[in-house]
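Heads up: the sequence shown runs through residues 2 to 468, numbered per this note's numbering.
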Amino acid sequence: MRRSRSLVFSILMLSLAASAAARQPASAGGFSANSAVHFPEPASLSARVAFWEKIFTRFSEYQVVIHDAAQPERIFSVLDFRPKREEMSEATLERLITGRVSAEKDLVSKRLRQIASEGTLGREARQEEERLRSLFPPGTGPASFEAAAGRVRGQRGLREKFSAGLERAKMYLPEMRRILRDQGVPEQLVWLPLIESAFNPAAHSRAGAAGIWQFMPATGRQFMVVGESIDERWDPIASTEAAAKLLRQNFEVLKTWPLAITAYNHGRAGMLRAVAATRTRDIEVIIERYRGPLFGFASQNFYPEFLAALHVQRDYRVHFAGFSFEIPSRPDRVTLKHAIRVSDAVRLSGVAAEELAQLNPALRRPLFRADGWIPAGYGLWLPPGRGPQFEAGLTKLPSEKRRSYPSLASLRKSHAVGHRLHRVQPGQTLGQIARLYGISVAKIRERNGIKNIHRIREGQLLKIPTG
């Protein structure tokens, strides 16, 4: 059902975008003159950004770039499996790719170690040695080659995924931009889902992240209903509202958008540790110097990937010939003043239950199976033109079929996580911790039974209220 839900909802959102099209140019839009102010691109990151732009636009998912994880732009080789697509099944091809990539990484590592040890090489190997040496600055010593040998990494191309992401993006852009504006954050953040999910509303990671903004359940519950019957992470509009609030909070604490964006991947507390360790809020210095235990390749490259996504959407005509941001007409959406049962919503909408479910991915299967209550305040998506009919039918429902509860607001409050845990870092005060999570010192003291504001210790686990 997931694939069909995604398809129908994509059609719905494609129509939604048109209503706001009059307010926005029908283009990739969103990359404005003040982008450089919000999202600076330091010279030291330019090569890294260019690497990701190539990954997004030049390399196919059936090509694997073998490169240096510390300096991604240092490309050792490229494996091309595109000719094999017609020769074997997808499963067989994936096994081939896995094996060949592993072997190539081992071979590159071996040759780099041979260069480091200045071992004896044959003629062909000497030619390869010279090619590899040319990728490093003149005078690079053995220790640097040895270190690089341990950093060889494979990255599959993302051209197809990015092209599909841009196609899906136009379904959501106008409404998402409005939400970002309303939350007081830069509209260019609308492109963050390109690197999170490629705007796939059915995206679901093995770690449990869901939706186009890839919210984990615990984080999502701070802003949305995340449950078995209703899960707003799957709704691109509700999750955009949540993402805008989270990003704004990140910025209020971290003070710069590069850090706030990186915190979306690495966590706000993690970025505060990076700032404390490097004594700077300069993203290029943090990427270059900070080596926290969880600040790995993904976190180091999250902001450069975002910059690359901005470049790609700005220059989409160059990268994806024939692509257009033109969008069709708007569907209907009715915000429920009262909670109603699924069966009544199906009857009044005039569509089958399966279609209503596909149009409303936040309403999960258990809600439909149990004929549960759709909460007051929920914006129910309907096929174009069905809104007036639906609203007229609502006024005729008997009072026992209309409830003031449950409401979306009450569900969000009840689904919120009671608390999260924070381990006190060296030198941290309650005031600093309170600012980190956007709550008062009094709430932390109350939840943890702290009578003396100065009585916290390094390593102590504190319960941070989130409800």
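We put the CB at the ideal spot given by N, CA and C, even for glycine. This one's a predicted model, so the numbers in the text were calculated from it and none came from an experiment.
Q) Which residues bound the alpha helix (DSSP H) around R154? A) Segment 153–157 is the beta strand (DSSP E) holding R154; no alpha helix (DSSP H) there.
Q) In angstroms, rounded to a whole number, what distance separates the CA positions of A34 and I262? A) Any reading at A34 must be qualified, since the residue scores a pLDDT of 37, below 50, and its modelled position is unreliable; the value itself is stated next. Their backbone Cα atoms lie some 19 Å apart in a straight line.
Q.
By alpha-carbon positions, which one of F369, A340, T257, G140 ends up nearest to Y304?
A. T257
Q) Skipping 5 residues on each side, what residues in its chain have a beta carbon closer than 8 Å to that of L181? A) P187, E188, L190, V191, T241, A245
Q: Out of A148, R101, E91, Q128, state which residue places its alpha-carbon closest to the alpha-carbon of S118.
A: A148
Q: For the beta strand (DSSP E) holding I238, just list the boundary residues, first then last.
A: No beta strand (DSSP E) contains I238, which is instead part of the alpha helix (DSSP H) from 237–255.
(Q) If I measure Cβ to Cβ from F321 and keep anything under 6 Å in the same chain, skipping five residues before and after, which residues do I get? (A) S164
Q.
Along the chain, where does the beta strand (DSSP E) containing I465 start, and where does it finish?
A. 462–466
Q | Rounded C-alpha distance that separates A27 from L383 | A | Reliability fails at A27, whose pLDDT of 34 lies under 50, so the model's placement of it is uncertain and no value is given.
(Q) My parser needs the alpha helix (DSSP H) runs of 4 or more residues fully inside the stretch 35–101; what are they? (A) 36–39, 47–58
(Q) Suppose the cutoff is 8 Å on Cβ atoms and the five residues either side in sequence are ignored; what does the same chain contact list for S405 look like? (A) H339, A340, A377
Q. Which partner residues of R421 appear in the DSSP bridge assignment?
A. I465
Q.
One question on the structure: do L395 and L349 come within less than 8 Å of each other, judged by their Cβ atoms?
A. yes
(Q) Going by C-alpha to C-alpha distance, which of P202, A44, E129, V66 sits closest to R160? (A) V66
Q. Is it true that the stretch 274–290 meets the stretch 310–318, where meeting means three or more beta-carbon pairs spaced less than 8 Å apart?
A. no
(Q) Given a cut-off of 8 Å on the beta-carbon distance, is the pair L412 and I238 in contact? (A) no
Q | R315 (DSSP reduced to helix, strand or coil) | A | helix
Q: Go ahead and pull the three-state DSSP assignment for W382.
A: strand
Q: State whether the stretch 136–155 contacts the stretch 49–61, with contact taken as three or more CB pairs (one from each stretch) at a distance under 8 Å.
A: no
(Q) Tell me which residue opens and which closes the alpha helix (DSSP H) that T336 is part of. (A) No alpha helix (DSSP H) holds T336; the beta strand (DSSP E) holding it covers 333–336.
Q: Spell out the partners DSSP gives D232 in its beta bridges.
A: V227
Q | Through-space distance from N361 to V352, alpha-carbon basis | A | 13 Å
(Q) Please identify the residue among L247, E197, P194 whose C-alpha is closest to the C-alpha of Q184. (A) L247
Q | Which of helix, strand or coil DSSP assigns to H320 | A | helix
Q) Where does P143 land, buried or exposed, given buried means 16+ other C-beta within 10 angstroms? A) exposed
**Q.** Whole-angstrom distance between P202 and P399, CA atom to CA atom
**A.** 35 Å
Q | A371: CB within 7 Å of a non-hydrogen atom of the ligand NAP | A | The ligand NAP is absent from the structure shown, which contains no ligands of any kind.
Q.
For F32 and G450, I'd like the C-alpha separation in whole angstroms.
A. Reliability of the predicted coordinates at F32 is poor, the pLDDT of 35 falling under 50, and the value obtained from them is presented with this limitation in mind. So the two alpha carbons sit approximately 49 Å from each other.
Q: Count the other CB atoms, across all protein chains shown, that sit within 10 Å of the CB of L17; report buried if there are 16 or more and exposed otherwise.
A: Below a pLDDT of 50, predicted positions are generally treated as unreliable, and L17, at 48, falls in that range; the measurement from the model is reported next regardless. Flag for L17 reads buried.
Q | Same chain only: Cβ atoms within 8 Å of Q461, ignoring 5 sequence neighbours per side | A | R424, V425
Q) What are the boundary residues of the alpha helix (DSSP H) that includes R458? A) Where R458 is concerned, there is no enclosing alpha helix (DSSP H), given that its DSSP letter is neither H nor E.
Q: Would you kindly check if the distance between the Cβ of L381 and the Cβ of V335 is under 8 Å?
A: yes
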